[in-house]
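Q: Dumping the structure here so I can ask a few things about it.
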């Protein structure tokens, strides 16, 4: 039982960062933009949040964990929004190819994170010397009382606030996209921007807002890995392929935020499954790491055969909108 509980905890911990990235990409793709720059944006958000907390804690004598939390959160979100704004200007205003722009943003974001992460480590005195103890403690604070409820407490109430914020955000986004006028307008822009434009909906504004806000949400996923998952430390290339898993999760969840909740836990479990199977060689471990992608491909094939419209990507996904051709 103890091993199962630990596995579930680790699966959830792995999945939450992926879920943040997927939620941000769902918002972006609902506007018709395909942002393959999510991995880079997560790096940008992670290092920006860590830098904000580091400089704050080194500037005051008795740093407050709550203030450090707020500063790092705002820095991570703002930096990721800037990444989304760069993508938006290039693809919406200048109509650059979305796939190429997204991949370039990933390369830029990873380099941005590694450069400033290495610089921050040197400034702190060497690798592993970055100290954001007060902020890290605030991110990892457990729910008083509930985290002591045995197995129930261990499985459901032993996480930091970013974990619960992510679940709430997924539910709220599901409601927003299906029950509100602005959410329906956003979906209309993603399905057929020409028709939405003719109906008086500002296609450019919705695309910009969805892409920038979606990027901000993805950036919080990077902050989660740095603060709550890693305890306020930085390792170059430390996010691995989690950003790509976030993009795969969007497809697996069929562009539905609530589906992404349990999908992220499944992905997190599959991602670390090889650690709980004894006697595996290195090559076999790499095969197990492929499982989330294999599951995504299977789901994609099944939904393609069923041809249900609600399970398909937005109609204009990845396509530039030229108003003159409406």
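In our numbering, the protein residues as written are 626 to 951.
Each residue gets a CB set at the ideal place from its N, CA and C atoms; glycine is no exception.
How many angstroms separate the CA atom of residue 768 from the CA atom of residue 813?
A: 40 Å
Q: Cβ atoms of residue 798 and residue 882: under 8 Å apart, would you say?
A: yes
Q: Taking the Cβ atom as the reference point for each residue, do residue 648 and residue 885 lie within a distance shorter than 8 Å?
A: yes
Q: In the structure shown, what three-state DSSP assignment does residue 809 receive?
A: It is helical.
Q: Between which two residues does the alpha helix (DSSP H) harbouring residue 880 extend?
A: Residue 880 -> no alpha helix (DSSP H), and no H or E assigned at all.
Q: Let me know if residue 867 comes out buried or exposed under the rule of 16 or more other beta-carbons within 10 Å of its beta-carbon.
A: buried
Q: Among 728, 702, 871, which residue has its Cα nearest to the Cα of residue 921?
A: 871
Q: Tell me which same chain residues have a C-beta within less than 6 Å of the C-beta of residue 924, skipping the five on either side of it?
A: So the list reads 877, once near-sequence residues are dropped.
Q: What distance in whole Å lies between the Cβ atoms of residue 873 and residue 653, which are believed to be in contact at a cut-off of 8 Å?
A: The Cβ separation is near 15 Å, so there is no contact.
Q: Looking only at C-alpha atoms, which of 776, 788, 695 sits nearest to residue 673?
A: 695
Q: Between the Cα of residue 638 and those of 678, 895, 927, spot the shortest distance and give me the residue it belongs to.
A: 895
Q: Would residue 671 and residue 738 be called neighbours here (beta carbons separated by less than 8 Å)?
A: It is a contact, given that the beta carbons lie within the stated cut-off.
Q: Going by DSSP in three states, residue 824 sits in which element: helix, strand or coil?
A: coil
Q: Give the straight-line distance between the Cα atoms of residue 935 and residue 911, rounded to the nearest whole angstrom.
A: 34 Å
Q: Excluding sequence positions up to five away, which residues of its chain have a Cβ less than 7 Å from the Cβ of residue 723?
A: Excluding the 5 residues flanking it on each side, residue 723 has same chain C-beta neighbours closer than 7 Å at 658, 659, 716, 943, in chain order.
Q: Do you know how far the Cα of residue 791 is from the Cα of residue 644?
A: 7 Å
Q: How many Å lie between residue 915 and residue 909 at the Cα?
A: Using only the alpha carbons, I get a separation of about 10 Å.
Q: Considering only the alpha carbon of each residue, which of 641, 826, 642, 838 lies closest to residue 948?
A: 826
Q: When we look at the beta-carbon of residue 818 and count the other beta-carbons within 10 Å, is it buried (16 or more) or exposed?
A: buried
Q: By how many angstroms is the C-alpha of residue 784 removed from the C-alpha of residue 774?
A: 13 Å
Q: Out of 864, 680, 887, which one is the CA nearest neighbour of residue 744?
A: 680
Q: I'd like the span of the alpha helix (DSSP H) that includes residue 910, first residue to last.
A: For residue 910, the enclosing alpha helix (DSSP H) starts and ends at 907 to 914.
Q: Taking the alpha-carbon positions, what's the residue 863 to residue 727 distance?
A: Straight-line Cα distance between these residues: approximately 20 Å.
Q: According to DSSP, is residue 922 helix, strand or coil?
A: In the structure shown, residue 922 sits in a helix (DSSP, three-state: H, G or I).
Q: Whose CA, out of 725, 849, 932, 707, lies closest to the CA of residue 789?
A: 849
Q: How long is the line joining the alpha carbons of residue 665 and residue 676, rounded to whole angstroms?
A: Rounded to whole angstroms, the separation of the alpha carbons of residue 676 and residue 665 is 17 Å.
Q: So for residue 683, helix, strand or coil by DSSP?
A: helix
Q: Curious, which full-length alpha helix (DSSP H) runs of at least 4 residues does the region 751 to 783 contain?
A: 758 to 764, 775 to 781
Q: Counting only the same chain and skipping the five closest in sequence on each side, list residues whose C-beta sits under 7 Å from that of residue 778.
A: So the qualifying residues of the chain are 771, 772.
Q: Which two residues bound the contiguous alpha helix (DSSP H) that contains residue 739?
A: 723 to 749
Q: Take the Cβ of residue 938 as the centre, count every other Cβ of all protein chains shown within 10 Å, and call the residue buried at 16 or more, exposed below.
A: buried
Q: State the DSSP-derived secondary structure class of residue 697, mapped to helix, strand or coil.
A: helix
Q: Just to check my reading of the structure: residue 859 and residue 742 have Cβ atoms closer than 8 Å, yes? What is that Cβ distance to the nearest angstrom?
A: About 4 Å; that satisfies the 8 Å criterion.
Q: Grouping DSSP H, G and I as helix and E and B as strand, with all else coil, what is residue 902?
A: coil
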